[in-house]
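Counted from 1, the sequence shown has number 70 at position 70 by our numbering; the numbering is strictly sequential. The beta carbon of each residue, even a glycine, is placed where N, CA and C say it ideally should be.
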Amino acid sequence: MNKAKLYQRSNELQRVDTKLVLEEFAPLLKWNGFDTVMDVGCGTGDVTIDFLLPEMPRSYTKLIGTDISEQMIRYAKETYQHIPRVAFERLDIAATTIESKYLGYFDHVTSFFCLHWVQNQKKAFNNIYRLMKPGGDCLVTLLAQNPIFEVYERMAASPKWYKYMLDVQTFISPYQHSSDPVAEVNDYLDENLFSDVTRIVEIKDRLYIYPDVDILKASVKSVNPFINRLSPKDQEQFITEYVQHVTDMGLCTKEGTYMTPYKLMVIYATK
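Given below as structure tokens:
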């Protein structure tokens, strides 16, 4: 559970952006008063509960947070099990099959800062479509481009780290090197028969600033997929080298803060 606890203490970027996105786009969600909602990639559940739940009608029917990580789901269940009509369950949004009880069940499917970890984007959007009721809608955010992915690529080329990072490409956004990520996502939506009548696919340029190196390190540890493959000693060296790459990329200011300029994709679509 340590990884889940660390993530919840270090996910300020995700919390800030999700709050802003919901303030702008939640009014588009077609609430009916008895809504069923699935939040895909809920992690520890704090974003689901702190930001999504308050946007929902008080008379909602069900809110289910899902995540591929058993550890995250276990943490979310233990933390939020007291909230009526809220549940957390394990689900892989890129799975070949989805439990039949979920298909066509949800008025709304949301996903915040999750889908960039999914390499099979076509299948992910197909499953989101299948989860939705006819007339339902979805609201998704994902990282199109972020310096963290460039750091991963640089470190994977290191003789010291490459053997721990042979699968590095599976942890880099499918859109990191795309010349037109908006067009790619629109193609996936078209292929899966999402309506093009009320559809938004846009890129927002964002900048997040880590106040100091310790906060940056904590954030890196909380989401880094390679860190648990290393010995405790190597973990410290890995993080130190990570910070050095960030500095070499010109993202450390003279005040000692660390900049993360990134492109956030926001998607709203209906079935």
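{"Query": "Who are the near neighbours of residue 65 in its chain, counting only those whose CB is closer than 7 Å to its CB and skipping five residues on each side?", "Result": "39, 42, 45, 48, 76 and 88"}
{"Query": "Tell whether a beta-carbon distance below 9 Å holds between residue 137 and residue 53.", "Result": "no"}
{"Query": "Pick helix, strand or coil for residue 206, following the three-state DSSP scheme.", "Result": "strand"}
{"Query": "Return the residue from the list 68, 141 and 169 that minimises the CA-CA distance to residue 119.", "Result": "169"}
{"Query": "Take residue 165 and list the residues in its own chain whose beta-carbon comes closer than 6 Å to its own, dropping the five residues that flank it on each side.", "Result": "156 and 226"}
{"Query": "May I have a chain-ordered list of the beta strand (DSSP E) segments no shorter than 3 residues that lie completely inside the stretch 53-89?", "Result": "62-67"}
{"Query": "Taking residue 98 as the reference, which of 107, 110, 127 and 153 has the closest Cα?", "Result": "127"}
{"Query": "Excluding the 5 residues flanking residue 57 on each side, which residues of the same chain have their C-beta closer than 6 Å to its C-beta?", "Result": "31 and 33"}
{"Query": "With DSSP as the reference, identify every bridge partner of residue 195, one or two as the case may be.", "Result": "270"}
{"Query": "For residue 35, count neighbouring Cβ atoms within 10 angstroms of its own Cβ and tell me buried if that reaches 16, exposed if not.", "Result": "buried"}
{"Query": "If we call anything under 9 Å between Cβ atoms a contact, is residue 85 one with residue 63?", "Result": "yes"}
{"Query": "I need the boundaries of the alpha helix (DSSP H) containing residue 237, first residue and last residue.", "Result": "232-248"}
{"Query": "Compare the beta carbon distance of residue 123 and residue 94 with 9 Å and say whether it is the shorter of the two.", "Result": "yes"}
{"Query": "Residue 219: buried (16+ other C-beta within 10 angstroms of its C-beta) or exposed?", "Result": "buried"}
{"Query": "Using only CA atoms, which one of 233, 270, 223 and 238 lies nearest to residue 12?", "Result": "223"}
{"Query": "Considering just the uninterrupted stretch of the beta strand (DSSP E) at residue 144, what are its terminal residues?", "Result": "132-145"}
{"Query": "Just the C-alpha distance for residue 151 and residue 177, rounded to the nearest angstrom, thanks.", "Result": "14 Å"}
{"Query": "Specify the secondary structure class of residue 215 as computed by DSSP and reduced to three states.", "Result": "helix"}
{"Query": "How long is the line joining the alpha carbons of residue 140 and residue 61, rounded to whole angstroms?", "Result": "21 Å"}
{"Query": "With distances taken between CB atoms, is the gap from residue 246 to residue 258 smaller than 9 Å?", "Result": "yes"}
{"Query": "Pull up the CB-CB distance for residue 72 and residue 4, whole angstroms please, since I reckon it's below 8 Å.", "Result": "5 Å"}
{"Query": "Hey, could you find the ends of the alpha helix (DSSP H) residue 34 is sitting in?", "Result": "Premise fails: residue 34 is in no alpha helix (DSSP H) and is neither H nor E."}
{"Query": "Taking the alpha-carbon positions, what's the residue 192 to residue 212 distance?", "Result": "43 Å"}
{"Query": "Out of 197, 266 and 271, which one is the CA nearest neighbour of residue 23?", "Result": "266"}
{"Query": "Tell me, which residues are paired with residue 260 by DSSP?", "Result": "208"}
{"Query": "What residues are listed by DSSP as bridge partners for residue 252?", "Result": "258"}
{"Query": "First and last residue of the beta strand (DSSP E) that includes residue 51?", "Result": "Run containing residue 51: none; DSSP gives neither H nor E here."}
{"Query": "Report the rounded CA-to-CA distance for residue 248 versus residue 10, giving the unit in angstroms.", "Result": "23 Å"}
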